[in-house]
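Numbering of the sequence shown is given in full-length UniProt numbering, commencing with residue 1 and proceeding in unit increments. Note that beta-carbon positions come from the ideal geometry of N, C-alpha and C, so glycine has one too. Quantities reported herein were computed from a predicted structural model and do not represent experimental measurements. Working notes for the structure below.
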Amino acid sequence: MTQHQNLALICLKSLMTELKFNICNLETSAISNHQIIDLGKKIDQSISSQLRYSVEWWAQHVENAGATDAIVKGVREFTGSCQVIFWLECLSLIGKVNRILLSARRMAKWAQRIKNTDVLTRMQELEKFTNVFSTALHESTPHLYISGCALLPSESLLRENMINHLNQVVKVTRYGHAVRWEKILHVIHTKGAVHSVAYSPNCQYVVSGSWDKIVQIWNAQTGVQVGKPLKGHTKEVWSVAYSPDGQYVVSGSEDKTVRIWNAQMGVQVGEPLKGHTDCVMSVAYSPDGQYVVSGSDDQTVRIWNAQTGVQVGEPLEGHTNDVTSVAYSPDGQYVVSGSYDETVRIWNARTGVQVGKPLQGHTEGVLSVAYSPDGQYMVSGSHDRTVRIWNAQTGVQVGEPLKGHTNYVNCVAYSPDGQYVVSGSNDQTVRIWNAYTGMQVEAQLKAHTDWVKSVAYSSDGQYVVSGSSDETVRIWNAQIGVQIAEPLQGHTNDVTSVAYSPDGQYVVSGSYDRTVRIWNAQTGVQVGESLKGHIDGVRSVAYSPDGQYVAGSHDKTVRIWNAQTGVQVGGPLKGHTRYVTSVAYSLDGQYVVSGSKDKTVRIWNAQTGAQVGEPLKGHRNWVSSVAYSPDGQFVVSGSTDKTVRIWNAQTGVQVGESLKGHNNKVNSVAYSPDGQYVVSGSNDQTVRIWNAQTGIQVGESLKGHTEAVFTVTYSPDGQYVVSGSDDKTVRIWNAQTGIQVGKPLMGHTNYVNSVAYSLDGQYVVSGSHDKTVRVWRIQSGLHDACSLQFLLVFHQVILITVAGSILNMDHSFFGFPPI
């Protein structure tokens, strides 16, 4: 046994035997940790040196020890018990809350490496819990229980850990807690309306500038204030930005000055930069950190030497109204500015000369501008409630305005990869847009209760920070889908089709390597031997509704296997004269439908293997996809003839006219769970939804994929559609609004052939030309759930004790000042 293995087991034993509820016997939750005079003494008396070491370092030892049976068992027991909550308590008491995130992330990587999804899920949730409640844990240990645990989402595994063990803590039984975790990570309360926010280049910190004349730096992981406020401005701070190396912060204020601060020491560097004759509304660093640009209500743009504070050249003049926003191009050669004069202007940063004509299109004042990371485009937000994208070389507007906000658009920013634009508005929402299609790709991020004044992406693109007049800074998870564990590998050629078993425990995949394989959906391990029999590549697979059988196709035949034994059931189902492209079971499992390159759809008796009736004919080219309606009365088919057709499954007669609209091959079709709608995906890069009764397209086409859409399906509740494409991405769409939800799920290195939802809607599985099967956890943000954070903001701060009495408190232990 190695030293790390030995220490890991000792630590885990200590955590399981020594940790307990209220370990230091705190008598009240009405005062914060730092107000407990004898807390140090209580800690020394109640927490042994061995336990103190264990709570801090157990995860590091486990990570380095590997995954012996004893260690895996110990980790599962600890993370699956209420002891993990007591661990949080202990770290809160000793002032080591930062160890929670470090440990959770270490263990998540460890669990992912050994494919332990139970521990992985719990550690990911622990990270979310810490992100939300870290301020409380820093401030008051008892509020771990009376506020943190009480407000856990109802589907939380941590809630499951503690619910039967901590009967004396406050429980919220109705309306008080969300069903799932929200996308928001932190709510940081300030003392004044926040006008501007920015991430540090390393994503560790957030800086804010506000109405109270203060510049403040915050820990982006915990939401805790870092150091003292940066004071010097004599009026409200309108704009803040980090230097590219993260060493400095620049701020612009209504006091007409620009100031530079040492971000580590919290002190002002040199004298204020003076020259503007009115409010400084916007500041930004050049990419090399040598210069600062500022825009002002005095209608000028000025460039400053960041080292000497001296203005470089003359003011850049041309705007005929207040300059609201400025930004450097990524190469530092140009500066873009936006103004209340309704124009965007580009300037040569060296000469100060305006480049080309003003960019015109907005019908009211421009409030924010930003360059794309590659410098090819610019984005602007305006009083006219629109976001617009411009070609930086030609000055021509790209596409239509991005519409959705119902009030002024105060701020815009590009994601680091240039794929997305985030915007904030007086309508109190943050919105994310696909920068190429102009489609909104995220449900509105709602939580602010006043105007959103500033937004920014973290440099890794994982998070968005927003600042608001509601005196809060909020950090959001910008991701929606996360791949769980490693890809399922084993196929030696394209994976063409995937499906979940009805109980969600298994995934079946078909491949051009001529095999069908079954996988454990939790561990990613192949179950049994590959199912062989096809003499050509397998194009489509499907589970029977009872999970007992699997059907596959391609070599002109359909074959059925026993899913438990892997043995083929009966002979091949023969009749098609060309390759079989798609198979599906009826909901009662009595029938199988198949589509083929022979342009026909055929229905088979799943028990006898006999063809039922005549082939369904009508398509003028090969049939690419088939599916049964939920009631088994109808079959839908999609074809390379660009049409979708619906058939009566009993008579074989086509129902109504062909569904036309796609202008290229239809690759995939599926019914909604209620049978009211059909979704289709096509080589024309669109997803379309149709009314199954009338055959009329519902709403606009769902656009976002940049290559052919090969596969589509509905979520079990019918609220979402998932699609896979030649662009290597999986995308999720709101089926009602047609808006893309979250970012594309990226990871495949070649085109995506097939996608499927798990029965509980929590996972999506995808198969690809890259020979892998991937499982994705679909995180919170797809669901409308009440916001945890709003439950923690009280106008009158009270504490409801276990005994039922109500106590007024001097302040909230979440770090929120009383209102």
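If we ignore side chains and look at the alpha-carbon of each, how far apart do residue i and residue j end up?
| i | j | result |
| --- | --- | --- |
| LEU91 | MET16 | 15 Å |
| GLY332 | THR449 | 37 Å |
| PRO716 | VAL280 | 52 Å |
| PRO315 | ILE303 | 7 Å |
| SER372 | VAL687 | 27 Å |
| VAL698 | SER32 | 56 Å |
| ASN22 | SER48 | 15 Å |
| VAL775 | TYR763 | 7 Å |
| GLN60 | PHE129 | 20 Å |
Secondary structure at residue i, three-state DSSP: helix, strand or coil?
| i | result |
| --- | --- |
| THR577 | coil |
| ILE798 | With a pLDDT of 29 at ILE798, under the threshold of 50, the predicted position of this residue should be treated as unreliable, and no value is reported. |
| ALA178 | Confidence is the limiting factor: at ALA178 the pLDDT is only 46, short of 50, which leaves the residue's position unreliable, though a coordinate-based value still follows. Three-state result, ALA178: coil. |
| ALA610 | coil |
| HIS276 | coil |
| HIS448 | coil |
| ILE43 | helix |
| HIS362 | coil |
| GLU529 | coil |
| ASN667 | strand |
| LYS128 | helix |
| ARG302 | strand |
| GLN548 | coil |
| VAL310 | coil |
| GLU317 | strand |
Between which two residues does the beta strand (DSSP E) harbouring residue i extend?
| i | result |
| --- | --- |
| MET281 | 280-285 |
| SER49 | Here SER49 belongs to no beta strand (DSSP E); instead the alpha helix (DSSP H) covers 49-65. |
| SER625 | 623-628 |
| LYS228 | 225-230 |
| SER672 | Premise fails: SER672 is in no beta strand (DSSP E) and is neither H nor E. |
| THR515 | 515-520 |
| SER294 | 291-296 |
With C-beta atoms as the reference, is residue i less than 8 Å away from residue j?
| i | j | result |
| --- | --- | --- |
| VAL457 | ALA413 | The question names Val, but residue 457 is Tyr in the sequence shown. Yes, these two residues count as a Cβ contact at 8 Å. |
| TRP647 | VAL666 | no |
| THR643 | LEU659 | yes |
| ARG385 | GLN397 | no |
| VAL721 | ALA735 | yes |
| VAL237 | SER296 | no |
| LYS743 | VAL441 | yes |
| VAL206 | VAL465 | yes |
| GLY395 | LYS357 | yes |
| VAL366 | VAL344 | yes |
| GLY246 | SER208 | no |
| TYR334 | ILE346 | yes |
| GLY74 | LEU126 | no |
| VAL525 | VAL541 | no |
| ASN407 | SER423 | no |
| SER251 | SER239 | yes |
| THR581 | SER511 | no |
| ASP298 | THR277 | yes |
| residue 821 | VAL669 | Outside the shown range of the chain, which is 1 to 819, sits residue 821, and nothing can be said about it. |
Sort the options by Cα distance to residue i and report the nearest one.
| i | options | result |
| --- | --- | --- |
| HIS748 | VAL730, ASN734, THR515 | VAL730 |
| ALA104 | VAL119, MET123, GLN112 | MET123 |
| GLU364 | THR394, SER372, THR324 | THR324 |
| LYS574 | LYS556, TYR53, VAL583, THR651 | LYS556 |
| GLN35 | SER48, ASN22, GLU139 | GLU139 |
| LEU402 | ASP374, SER511, SER637, TYR420 | TYR420 |
| ASN664 | ILE10, ASP684, TYR436, LEU120 | ASP684 |
| ASN219 | PRO358, ALA435, GLN264 | GLN264 |
| THR713 | ASN22, VAL336, ILE732 | ILE732 |
| PRO416 | ASN434, GLU400, VAL430 | ASN434 |
| VAL752 | ASP760, SER768, SER81 | SER768 |
| VAL292 | TRP261, THR277, ASP278, ASP322 | TRP261 |
| SER282 | ALA198, SER668, TRP58 | ALA198 |
| GLY381 | GLY375, SER337, GLY595, THR351 | SER337 |
Can you tell me where the alpha helix (DSSP H) holding residue i begins and where it ends?
| i | result |
| --- | --- |
| LYS109 | 98-113 |
| MET16 | 3-18 |
| ILE85 | 83-93 |
| GLY74 | 69-79 |
Is any heavy atom of the ligand GTP found at a distance shorter than 7 Å from the C-beta of residue i?
| i | result |
| --- | --- |
| ASP460 | As far as ligands go, the structure on display features none, and thus does not contain the ligand GTP. |
Does residue i come within less than 8 Å of chain D when only Cβ atoms are used?
| i | result |
| --- | --- |
| LYS642 | Of the protein chains in the structure, only one exists, and it is not chain D. |
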